[in-house]
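Heads up, the thing below is written out as structure tokens.
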Amino acid sequence: MRILILNGPNLNLLGMREPGIYGTESYADLCERIARHCEALGISHSVFQSNHEGALIDALHGAIGEYDGIVFNPAAYTHTSIAIADAVKAIGIPTVEVHISDVSAREEFRQISYVRSACVSTISGHGFSGYLEAIDLLLERFGR
Ligand code: DQA
257 MRILILNGPN LNLLGMREPG IYGTESYADL CERIARHCEA LGISHSVFQS NHEGALIDAL
317 HGAIGEYDGI VFNPAAYTHT SIAIADAVKA IGIPTVEVHI SDVSAREEFR QISYVRSACV
377 STISGHGFSG YLEAIDLLLE RFGR
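Numbered per the working numbering, the sequence shown spans residues 257 to 400.
Here's what the structure looks like:
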């Protein structure tokens with residue numbers, strides 16, 4: 257079981273970025289929590305973060321044949337990018353959409369998610385734990 261953890265724009269600034277919404281833990285802290293979880297479960301994983309739409313699309317294309325599942329927080333591209341949604345649909349790898357904050361309780365423009373219909377599930381508002389829950393969900397899906 258190989259899982260790709262993909263993070264979109266501004267998530268590299270976790271910890272300093274709007275801590276009232278996203279918390280005070282850093283992106284490195286998030287990666288560490290994910291690594292510990294995957295290690296405990298005995299699964300291999302990679303993490304990738306980019307502030308660029310095309311780089312995220314390239315990472316999705318590069319996942320073909322390399323990963324069994326994807327945990328994806330497209331950040332603001334969730335609400336704007338049809339190209340990213342199309343890429344998730346195109347690659348056919350089970351993908352879970354994750355948001356640290358509860359987007360349903362935030363601004364109107366965050367209520368749109370283009371990527372949602374391409375994903376097997378969405379976890380929103382569970383903080384960093386949402387990533388771990390998404391990994392568990394993919395494992396369950398693969399009967400582990
Ligand atoms: C986010 C929510 C998005 O609306 C926002 O643009 C982000 C982060 C989250 O994890 O809560 O950058 O995806």
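All C-beta atoms in this analysis are idealised placements derived from N, C-alpha and C, irrespective of residue type, glycine included.
Where residue 410 falls, given that 16 or more other Cβ within 10 Å makes a residue buried: The structure shown does not extend to residue 410, since the chain is modelled only from 257 to 400, so the question has no answer here.
Taking the alpha helix (DSSP H) that residue 277 belongs to, which residues open and close that run? As a first step, residue 277 must be located in the sequence shown, where it is residue number 21. Residues 275-278.
Can you list the beta strand (DSSP E) stretches of 3 or more residues lying completely in the region 268-327, in chain order? Taken in chain order, the unbroken stretches of beta strand (DSSP E) that lie wholly in the region 268-327 and span 3 residues or more are 300-305.
Answer yes or no: does any C-beta atom of chain C fall closer than 9 Å to that of residue 386? The structure shown has no chain C; it contains just one protein chain.
Can the beta-carbon of residue 388 be found less than 9 Å from the beta-carbon of residue 308? Within the sequence shown, the letter at position 132 stands for residue 388. Within the sequence shown, the letter at position 52 stands for residue 308. Not a contact, by the Cβ cut-off of 9 Å.
Which two residues bound the contiguous beta strand (DSSP E) that contains residue 377? For the purposes of this step, residue 377 is taken as the residue at position 121 of the sequence shown. Segment 377-380, the beta strand (DSSP E) holding residue 377.
Once you ignore the five residues that flank residue 370 on each side, which residues in its own chain have a CB closer than 8 Å to its CB? To locate residue 370, count along the sequence shown from 1; it is residue 114. Take residue 370, set aside five residues on each side of it, and the residues of its chain with a beta-carbon closer than 8 Å to its own are 334, 335, 336, 337, 338, 340, 341, in chain order.
Looking only at its own chain, which residues have a Cβ that is under 8 Å from the Cβ of residue 266, when we skip the five neighbours before and after it? Taking the sequence shown and counting its residues from 1, the one referred to as residue 266 is at position 10. Same-chain partners within the cutoff: 273, 307, 331, 332.
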